[in-house]
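Below you'll find the structure, written out as structure tokens, and then a few comments.
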Amino acid sequence: MKIVQAPDQLLSQTAKPIEKIDKTLKELLRAMEETLVSQVDPEGVGLAAPQIGRSLQLFIVKQEPDAPVLTFINPLIKETLEKPKEKETEVGQNDKVAKVKRKEDKGVQLEGCLSLKDIWGAVKRPYGVILSYQDEDGNQHEKKFEGFLATIIQHEIDHLQGILFPKRVLEQKNTLYHSTKNKKGTIEFEEIEI
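Heads up: take any position in the sequence shown, counting from 1, add 8, and you land on my numbering.
In structure tokens form, the structure reads like this:
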């Protein structure tokens with residue numbers, strides 16, 4: 009399937025809820041999965057139905073090359089979660105106590121999008137979400153997602169609301185970048201003047 013590119017109007021519209029999970033929808037999911045896994049340079053980690061020209065509340069995620077594809081139908085963020093503040097944890101071992109410090113995650117990731125070729129930007133998103141959604145069999149779930157997977161989910165839900173990540177970058181007064189490959193094949197980033 010061809011991936012819709014900005015500024016296509018469909019990318020700025022709120023997608024419609026899915027009322028029926030049927031054979032046609034499952035065929036669409038398979039086609040979306042093939043499209044997502046076939047993306048190289050850059051690889052994709054998520055794909056929303058509006059990105060393939062369908063106004064549907066549906067997205068898929070494949071966080072890593074070996075990870076399974078996760079399906080999210082009619083997703084709704086019930087709650088956002090911040091990462092716990094840095095704290096010390098005591099670990100006892102034969103009367104010895106080791107203090108382990110966990111580094112605080114600042115929550116800012118460099119995001120890109122298959123619908124915005126060569127555009128990147130720093131976006132701060134909540135560390136976690138509690139998400140209500142249906143799977144491809146119509147089963148209802150409410151589950152907590154954290155870290156990079158939560159970032160992908162929030163990015164894809166933005167697609168379903170007609171929001172592309174540069175809007176988040178600009179709202180947060182962060183920087184947008186254009187990427188190019190040099191003669192050695194290394195990716196270089198150049199700041200975009202806004």
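Each residue gets a CB set at the ideal place from its N, CA and C atoms; glycine is no exception.
- Distance from the CA atom of Ile-60 to the CA atom of Ala-39, rounded to whole angstroms, is 10 Å.
- Counting only residues of its own chain and dropping the five nearest sequence neighbours on each side, Glu-199 has a CB closer than 7 Å to the CB of Thr-183, Tyr-185.
- Judged by DSSP secondary structure, Thr-188 falls within the beta strand (DSSP E) whose first and last residues are 184 to 189.
- Sixteen is the threshold: since fewer than 16 other Cβ atoms of the shown chains lie within 10 Å of the Cβ of Ala-75, the residue is exposed.
- Under the three-state reduction of DSSP output, Lys-175 falls in the helix class.
- Judged by beta-carbon spacing, Ala-14 lies within the 8 Å limit of Ser-123, meaning their Cβ atoms are closer than that value.
- In the DSSP secondary-structure assignment, Gln-142 is bridged to Ile-81, Gln-148.
- For Glu-119 against Val-131, the beta-carbon gap comes to about 5 Å, under 8 Å, which counts as contact.
- A residue is called buried when at least 16 other Cβ atoms come within 10 angstroms of its Cβ; Pro-174 meets this threshold and is buried.
- Excluding residues up to 5 positions away in sequence, Pro-83, Ile-85 lie with their Cβ nearer than 7 Å to the Cβ of Ile-165 in the same chain.
- Between Ile-68 and Leu-55, the CB-CB gap stays under 8 Å.
- The three-state secondary structure of Thr-43, taken from DSSP, is helix.
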